[in-house]
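Worksheet for the structure shown next.
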Amino acid sequence: MSFVLGVVFGIAFGLAIIVAFVKSENARSKQRTDLASGIAAFARMTVEDSRKIFTPEQYPSWVVFSNQQKLAWLNSHLEKIWPYVDEAASELVKSSVEPILEQYRPVILASLKFSKFTLGTVAPQFTGISIIEDGSEGITMEVEMQWDGNPSIILDIMTYVGVALPVQVKNIGFTGIFRLIFRPLVDEFPCFGAVCYSLRQKKKLDFTLKVIGGDMTAIPGLSDAIEGTIRDAVEDSITWPVRKVIPILPGDYSDLELKPTGVLEVKLVQAKELTNKDLIGKSDPFAVLYVRPLRDRMKKSKIINNDLNPIWNEHFEFVVEDPLTQHLVVKIYDDEGLQSAELIGCAHICLNELEPGKVKDIWLKLVKDLEIQRDQKNRGQVHLELLYCPNGMNNGLSNPFSQNESMTSLERVLKNSAEGKEVSPNGSEINNRREVIVRGVLSVTVVSADDLPPADIGGKADPYVVLIMKKAQIKNKTRVVNESLNPVWNQTFDFVVEDGLHDMLMLEVWDHDTFGKDFMGRCILTLTRVLMEGEYKDTYELAEAKSGKLNLHLKWNPQPIYRDYQ
Numbered sequence: 012m013s014f015v016l017g018v019v020f021g022i023a024f025g026l027a028i029i030v031a032f033v034k035s036e037n038a039r040s041k042q043r044t045d046l047a048s049g050i051a052a053f054a055r056m057t058v059e060d061s062r063k064i065f066t067p068e069q070y071p072s073w074v075v076f077s078n079q080q081k082l083a084w085l086n087s088h089l090e091k092i093w094p095y096v097d098e099a100a101s102e103l104v105k106s107s108v109e110p111i112l113e114q115y116r117p118v119i120l121a122s123l124k125f126s127k128f129t130l131g132t133v134a135p136q137f138t139g140i141s142i143i144e145d146g147s148e149g150i151t152m153e154v155e156m157q158w159d160g161n162p163s164i165i166l167d168i169m170t171y172v173g174v175a176l177p178v179q180v181k182n183i184g185f186t187g188i189f190r191l192i193f194r195p196l197v198d199e200f201p202c203f204g205a206v207c208y209s210l211r212q213k214k215k216l217d218f219t220l221k222v223i224g225g226d227m228t229a230i231p232g233l234s235d236a237i238e239g240t241i242r243d244a245v246e247d248s249i250t251w252p253v254r255k256v257i258p259i260l261p262g263d264y265s266d267l268e269l270k271p272t273g274v275l276e277v278k279l280v281q282a283k284e285l286t287n288k289d290l291i292g293k294s295d296p297f298a299v300l301y302v303r304p305l306r307d308r309m310k311k312s313k314i315i316n317n318d319l320n321p322i323w324n325e326h327f328e329f330v331v332e333d334p335l336t337q338h339l340v341v342k343i344y345d346d347e348g349l350q351s352a353e354l355i356g357c358a359h360i361c362l363n364e365l366e367p368g369k370v371k372d373i374w375l376k377l378v379k380d381l382e383i384q385r386d387q388k389n390r391g392q393v394h395l396e397l398l399y400c401p402n403g404m405n406n407g408l409s410n411p412f413s414q415n416e417s418m419t420s421l422e423r424v425l426k427n428s429a430e431g432k433e434v435s436p437n438g439s440e441i442n443n444r445r446e447v448i449v450r451g452v453l454s455v456t457v458v459s460a461d462d463l464p465p466a467d468i469g470g471k472a473d474p475y476v477v478l479i480m481k482k483a484q485i486k487n488k489t490r491v492v493n494e495s496l497n498p499v500w501n502q503t504f505d506f507v508v509e510d511g512l513h514d515m516l517m518l519e520v521w522d523h524d525t526f527g528k529d530f531m532g533r534c535i536l537t538l539t540r541v542l543m544e545g546e547y548k549d550t551y552e553l554a555e556a557k558s559g560k561l562n563l564h565l566k567w568n569p570q571p572i573y574r575d576y577q
């Protein structure tokens, strides 16, 4: 009986295992089918579909969606005709580039000319072309080019001490995007009047310099001078917004040439939470600002020693040629004395984000490289005030940044001045130039604070605010509010300001103790906004604090001084 029972249980157990195995295989088969269907769906997915599913942060850094069309056909033909292009174009390029190099020749050199110039045997590769819809009356296209060539370029360099050096330029690597503009469109073949070309974006420009039969280091600074000359020549002769105009049909095409369109006023206010680059002490930061990276157009701030939260409050002015595509670049460096400065971080802002005639107060996050947008490391922030003034703008707005360097700090004035007329005793009119000195009374009402960090053992604080006019070193302070993290003061202080354009208001929050005081945070404000608006209320977050905000009411009562010039 037990034998029969064992056989029955064995058969049942075996059947159960077989059923379980079959169900498992069916389930795995279904999973493989679903996975294959999903992969097939991804294979059919378009770029637009993927953008609906994934956010930009979810893509790997190497994924790039391009609107460019490939140009394999052009590259294959260019390779065939390149030997003829080299022979025909080398002399033309040489004669065109030599005057530009002479224009940017370093002062330590007596002459800088080509003794040999050929483009080599390696043709450039055009990696893509795209049409730009910019709303203009014409056709704009951009062509991306890559060239790792083997040209034969030798520069004959003569120094003022009579030393002649043949310098070879080798290992050239270039990647960039050229912009072509066909404008204006006409009803005569070839249907456009002129062609403009420019280097829209320079992604890479690498080369090495070698003295034939000698050592480049024989003359200190020579290599850097020549390299800087070449880069400045490329930047200022062909890089956008500079453009070359080639007339195709007879006509006046002066409107296509590069012209200044306005002025960008920049006030470099401060930076905070900068990365420390020094092993002993703190970094000694300074800033370099530019719209076009030319040595004579780059501005450098003063150096603030041993400070990770520097305050500059410096003003700079830049010429703008194309506000739609140009941008302001700010780079913060750590000064290393005789050694090369070390980059702390950089930031940029597109000029098309600025409203003409209106000051923009902005904090920019510093990154390691402007080309890499996914830098998550905290390198600090930089505080700027920006004002873009187009040429011919006449909207009654004063330029709060402008100054007259010939005057004292008390007499710095707004650039746009009033024009007055007087009548002389004989009845004729006398034109006087009247300039307004920015002087007045600043009324600051410290209304209240919110969410201050606790500073006492009991989780409370006894806060008060110290107000400081930085340039005049005038101080005031509020009363102490005991045991409160949300104090209310409603106290007003008046400051006589002699230089409203360049003074700053600093507000420091302190915790009062019987035997001392504890720092709780601070706010730093320029007077630009109150000069422009006259009066405003706003809330400011405390810097150098875990939390906390200050509620302020500022009012400007101008007391202008007028100076008339015959």
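So for the sequence shown, the numbering used here puts the first residue at 12; every next one is plus one.
We put the beta carbon where it would ideally sit given N, CA and C, even for glycine.
Do the region 277-285 and the region 306-326 make contact, defined as three or more Cβ pairs closer than 8 Å? yes
DSSP three-state label for residue 513, please. Translated into the one-based positions of the sequence shown, residue 513 becomes position 502. Here residue 513 sits in coil by DSSP.
Which residues share a DSSP beta bridge with residue 401? Your numbering for residue 401 matches position 390 in the sequence shown. Paired residues: 273.
Applying the criterion that 16 or more other CB atoms from any shown protein chain within 10 Å of the CB defines a buried residue, is residue 512 buried or exposed? If you number the sequence shown from 1, residue 512 lands on position 501. Residue 512 should be labelled buried.
Taking just the CA atoms, how far does residue 514 sit from residue 483? Locating residue 483 in the sequence shown gives position 472, where the first residue counts as 1. Locating residue 514 in the sequence shown gives position 503, where the first residue counts as 1. Rounded to whole angstroms, residue 483 to residue 514 spans 8 Å at the Cα level.
Opening and closing residue of the beta strand (DSSP E) in which residue 331 lies: The residue given as residue 331 occupies position 320 in the sequence shown. 322-331 is the extent of the beta strand (DSSP E) around residue 331.
Count the CB pairs spanning the region 521-536 and the region 449-469 that are closer than 8 Å, and state whether there are at least three. yes
Beta-carbon separation of residue 551 and residue 563 under 8 Å? Working through the sequence shown from its first residue, we reach residue 551 at position 540. Working through the sequence shown from its first residue, we reach residue 563 at position 552. Their beta carbons are under 8 Å apart, which means residue 551 touches residue 563 by this criterion.
My output table needs one value for residue 2: the three-state DSSP class, helix, strand or coil. Nothing can be reported for residue 2, as the shown portion of the chain is limited to 12 through 577.
Find the nearest neighbour of residue 400 within the set 379, 374, 369 and 492, judged by alpha-carbon distance. Mapped onto the sequence shown, residue 400 falls at position 389. Comparing Cα positions, the closest option is 369.
In the region 349-377, which residue ranges form an unbroken alpha helix (DSSP H) of at least 4 residues, counting only runs that do not cross its ends? none
Please identify the residue among 268, 362 and 167 whose C-alpha is closest to the C-alpha of residue 123. What you label residue 123 is simply residue 112 of the sequence shown in a count that begins at 1. The residue with the shortest Cα to Cα distance from residue 123 is 167.
Hey, is the region 244-256 in contact with the region 301-308, meaning 3+ C-beta pairs nearer than 8 Å? Segments in contact, yes.
Where residue 174 and residue 350 are concerned, what is the direct C-alpha to C-alpha distance, given to the nearest angstrom? In the sequence shown, residue 174 corresponds to position 163, counting from 1. In the sequence shown, residue 350 corresponds to position 339, counting from 1. If I take the Cα positions, the gap works out to 28 Å.
Taking the straight line between their C-alpha atoms, what separation do you get for residue 308 and residue 522? One-based indexing of the sequence shown puts residue 308 at position 297. One-based indexing of the sequence shown puts residue 522 at position 511. Straight-line Cα distance between these residues: approximately 46 Å.
For residue 41, is the classification buried or exposed, using 16 other Cβ atoms within 10 angstroms of its Cβ as the cut-off for buried? Translated into the one-based positions of the sequence shown, residue 41 becomes position 30. Burial state of residue 41 is exposed, judged by a 10 Å Cβ sphere holding fewer than 16 other Cβ atoms.
Which residues bound the alpha helix (DSSP H) around residue 529? Residue 529 sits at position 518 when you count from the first residue of the sequence shown. Careful: residue 529 lies outside any alpha helix (DSSP H), inside the beta strand (DSSP E) at 527-537.
Where residue 152 falls, given that 16 or more other Cβ within 10 Å makes a residue buried: As a position in the sequence shown, residue 152 is number 141, starting the count at 1. By the neighbour-count rule (16 or more Cβ atoms within 10 Å), residue 152 is not buried but exposed.
Status (buried if at least 16 other CB within 10 Å, exposed otherwise) for residue 271: To locate residue 271, count along the sequence shown from 1; it is residue 260. Taking all protein chains shown into account, residue 271 has fewer than 16 neighbouring C-beta atoms within 10 Å of its C-beta and is therefore exposed.
So what does residue 296 bridge to, in DSSP terms? The residue labelled residue 296 in the question sits at position 285 within the sequence shown. Residue 296 pairs with 345.
Helix, strand or coil for residue 191? Go by DSSP, reduced to three states. Residue 191 sits at position 180 when you count from the first residue of the sequence shown. Here residue 191 sits in strand by DSSP.
Return the residue from the list 209, 194, 88 and 373 that minimises the CA-CA distance to residue 578. In the structure displayed, the chain extends from 12 to 577; residue 578 sits before or after that span and is not available.
Tell me where the beta strand (DSSP E) around residue 305 begins and ends. Start at 1 with the first residue of the sequence shown, and residue 305 comes out as number 294. Neither: residue 305 is in no beta strand (DSSP E) and is coded neither H nor E.
Spatial neighbours of residue 371 within its chain, please: C-beta separation below 6 Å, excluding the five flanking residues on both sides. Here residue 371 is taken as the residue at index 360 of the sequence shown, counted from 1. 365 and 397.
Leaving aside the five residues before and after residue 284 along the sequence, list all residues of the same chain whose C-beta is less than 8 Å from its C-beta, in chain order. Position 273 of the sequence shown, counted from the start, is the residue given in the question as residue 284. Once the five neighbours on either side are set aside, the close Cβ partners of residue 284 are 319, 320, 389, 391 and 392.
Taking Cβ positions, are residue 164 and residue 128 nearer each other than 8 Å? Here residue 164 is taken as the residue at index 153 of the sequence shown, counted from 1. Here residue 128 is taken as the residue at index 117 of the sequence shown, counted from 1. Taking 8 Å as the Cβ cut-off, residue 164 and residue 128 qualify as a contacting pair.
Within this structure, are the beta carbons of residue 503 and residue 454 separated by less than 8 Å? By one-based count along the sequence shown, residue 503 stands at place 492. By one-based count along the sequence shown, residue 454 stands at place 443. Yes, they are a contact pair.
Bridge partners of residue 451, per DSSP? Translated into positions along the sequence shown, residue 451 becomes position 440. Its beta-bridge partners are 508 and 569.
Give a yes or no on whether 8 Å exceeds the smallest Cβ distance from residue 566 to chain B. The structure shown contains no chain B, having only a single protein chain.
Measuring only the C-alpha atoms, how far is residue 84 from residue 134? Counted from its first residue, the sequence shown places residue 84 at position 73. Counted from its first residue, the sequence shown places residue 134 at position 123. Whole-angstrom Cα-Cα distance: 14 Å.
Would residue 239 and residue 334 qualify as a contact pair, given that the criterion is a beta-carbon distance under 8 Å? Sequence index remark: in the sequence shown, residue 239 carries index 228 (1-based). Sequence index remark: in the sequence shown, residue 334 carries index 323 (1-based). No.
Counting pairs of Cβ atoms below 8 Å between the region 204-218 and the region 283-299, do you hit three or more? No, they do not touch.
So what does DSSP say about residue 218, is it helix, strand or coil? Translated into positions along the sequence shown, residue 218 becomes position 207. Three-state DSSP puts residue 218 in a strand.
With which residues is residue 207 paired in a DSSP beta bridge? Taking the first residue of the sequence shown as position 1, residue 207 is located at position 196. Per DSSP, 192 and 256.
Any chance the region 137-144 sits against the region 110-123, with 3 or more Cβ pairs inside 8 Å? no
Grab the span of the beta strand (DSSP E) containing residue 121 for me, first residue to last. Walking along the sequence shown from the start, residue 121 turns up at place 110. Run containing residue 121: 120-129, per the beta strand (DSSP E) assignment.
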